[in-house]
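Asker:
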């Protein structure tokens, strides 16, 4: 991969490029995201991004790698929470509980803040996303005929250094993204999908830090007054036709300059998804995968495969519908399905955000091609695989030790 320096960016270290290289209120928690979503629209002047081929650099990982995290494996009353201790405190609202239970249990139910959440269990293993409210979150976890209480505390981070999630739209367009005929591809729909993606990226980051032997460290996001991550609209000065003629580096500079000229805040990293990315006559335009300094950008060609809310995450990551190459490109390392394009798009977005934290390419993990395995952090099963996705089967969905060494010292990361 090429490292490109953009002079408009302060403190820029890494800019990566990749395209299909194979290798209601948080006061009541995020439970509303499982059924419906209200998204705030903020308008600003802004920009968009360019093209995608990600090649790992020659960065060498530390010789000594941490032992595989084991966590709690002792069943008490038919349950072991593998990755949290009772009464742990975290700074993000959507933890992924990794749990163990008896081999004969096929389903696990969690009663949390008046809502019931269910997830399958296989071979005595389960994973479940749980939206927390600020403060104490007591839950009742039922496995088979037994129930156990467990508590997690969510304390929103007071770190002033945050990530702002944005969607870039052209001057003459209202933010529609490429989708099948009859599918809602409005700006509102894009923001719903990007809000879900933003929460998953933050949660995966924390879980992969834990898997690397750290605490559940992650970055904070800019929140609205209800405590929900903001997906801000970045309206560009150029038309869609003009933007589709730009190279990836030109798009990056357009976005960077726009943000720089609109109340730039050195405490913010910006992750921008481009709604206008296009595919016609087997050609991709208006797409980029670049990151560094205060800005990461990624195209929006995966949005049509992505979930609108947390209820739809499982379906999105198991959707085996084939990509119709007459309508859409395949950006999934050749796997040619909706679930794989969703996984790669979300994981590659995290990869580009990683560059803004000064992460170079690494031999393994998210900063290599591990972003293709982003889905495995959340899922027990992957289409086409027989194995249950226990922590040791999540393949590239890790932070390489070289990345961990940088992130634990980052001002943007806290426990």
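Numbering (my numbering), first residue to last: 41 to 455.
We put the beta carbon where it would ideally sit given N, CA and C, even for glycine.
Being a predicted model, the structure only gives us computed values, none of them experimental.
Run through DSSP, which three-state label would residue 251 get?
Answerer: Residue 251 sits at position 211 when you count from the first residue of the chain shown. Correct three-state label for residue 251: helix.
Asker: Can the beta-carbon of residue 140 be found closer than 9 Å to that of residue 119?
Answerer: As a working note, residue 140 is residue 100 in the chain shown. As a working note, residue 119 is residue 79 in the chain shown. Contact flag set, yes.
Asker: Spatial neighbours of residue 196 within its chain, please: C-beta separation below 7 Å, excluding the five flanking residues on both sides.
Answerer: As a working mapping, residue 196 is identified with position 156 in the chain shown. If we look at residue 196 and ignore the five residues flanking it on each side, its Cβ neighbours are 131, 174 and 267.
Asker: Where does residue 340 land, buried or exposed, given buried means 16+ other C-beta within 10 angstroms?
Answerer: Here residue 340 corresponds to residue number 300 of the chain shown, with the count starting at 1. The residue is buried, with at least 16 neighbouring Cβ atoms inside 10 Å.
Asker: Three-state secondary structure (DSSP) at residue 441?
Answerer: Against the chain shown, residue 441 aligns to sequence position 401. The answer is helix: DSSP assigns residue 441 an H, G or I state.
Asker: What would DSSP say about residue 450, mapped onto helix, strand or coil?
Answerer: Translated into positions along the chain shown, residue 450 becomes position 410. Coil at residue 450, not helix or strand.
Asker: Using 8 Å as the threshold, is the stretch 247 to 257 in touch with the stretch 274 to 284, meaning 3 or more CB pairs across them?
Answerer: With a cut-off of 8 Å, the stretch 274 to 284 and the stretch 247 to 257 do not count as touching, because too few Cβ pairs lie within range.
Asker: For residue 106, which three-state DSSP category applies?
Answerer: Numbered from 1 along the chain shown, position 66 holds the residue referred to as residue 106. Confidence at residue 106 is low in this model, with a pLDDT of 46, below 50, so the placement of that residue should be treated as unreliable; the coordinate-derived value is given next. If DSSP states are grouped into helix, strand and coil, residue 106 belongs with coil.
Asker: Which residue wins for smallest C-alpha separation from residue 156, given the options 166, 179 and 387?
Answerer: Here residue 156 is taken as the residue at index 116 of the chain shown, counted from 1. Out of 166, 179 and 387, 179 has the C-alpha closest to the C-alpha of residue 156.
Asker: So what does DSSP say about residue 220, is it helix, strand or coil?
Answerer: Counted from its first residue, the chain shown places residue 220 at position 180. Reduced to three states, the DSSP call for residue 220 is coil.
Asker: Whole angstroms are fine: how far does the CA of residue 126 sit from the CA of residue 348?
Answerer: Indexing the chain shown from 1 puts residue 348 at position 308. Indexing the chain shown from 1 puts residue 126 at position 86. Cα-Cα distance, rounded: 31 Å.
Asker: Using the rule of at least 16 other Cβ atoms within 10 Å of the residue's Cβ for burial, across every protein chain shown, is residue 259 buried or exposed?
Answerer: Looking up residue 259 in the chain shown gives position 219. That one is buried.
Asker: Could you give the distance in angstroms between the alpha-carbon of residue 450 and the alpha-carbon of residue 221?
Answerer: Counting from one through the chain shown, the residue named residue 450 turns up at place 410. Counting from one through the chain shown, the residue named residue 221 turns up at place 181. Cα-Cα distance, rounded: 44 Å.
Asker: Helix, strand or coil for residue 315, going by three-state DSSP, please let me know.
Answerer: Taking the chain shown and counting its residues from 1, the one referred to as residue 315 is at position 275. Correct three-state label for residue 315: coil.
Asker: Taking only the alpha-carbon atoms, compute the straight-line gap between residue 102 and residue 257 and give it to the nearest angstrom.
Answerer: Translated into positions along the chain shown, residue 102 becomes position 62. Translated into positions along the chain shown, residue 257 becomes position 217. At residue 102, the pLDDT of 40 sits below 50, so the modelled position is not reliable; the number obtained from the coordinates is stated separately. Distance between the alpha carbons of residue 102 and residue 257: 20 Å.
Asker: Under 7 Å Cβ to Cβ from residue 430, same chain only, skipping five residues before and after it: list those, please.
Answerer: Translated into the one-based positions of the chain shown, residue 430 becomes position 390. The residues are 165.
Asker: Assuming contact is defined by CB atoms lying nearer than 9 Å, are residue 136 and residue 417 in contact in what I supplied?
Answerer: Working through the chain shown from its first residue, we reach residue 136 at position 96. Working through the chain shown from its first residue, we reach residue 417 at position 377. Yes, the Cβ-Cβ distance between residue 136 and residue 417 is below 9 Å.
Asker: Since residue 404 and residue 424 should fall inside the 8 Å C-beta cutoff, what is the C-beta to C-beta distance between them, to a whole number of angstroms?
Answerer: Within the chain shown, the letter at position 364 stands for residue 404. Within the chain shown, the letter at position 384 stands for residue 424. Not a contact, Cβ separation roughly 22 Å.
Asker: Would you check if the distance between the CB atom of residue 234 and the CB atom of residue 271 is smaller than 9 Å?
Answerer: The residue given as residue 234 occupies position 194 in the chain shown. The residue given as residue 271 occupies position 231 in the chain shown. A contact, by the Cβ cut-off of 9 Å.
Asker: What are the residues that DSSP puts in a beta bridge with residue 149?
Answerer: Mapped onto the chain shown, residue 149 falls at position 109. Its beta-bridge partners are 158 and 182.
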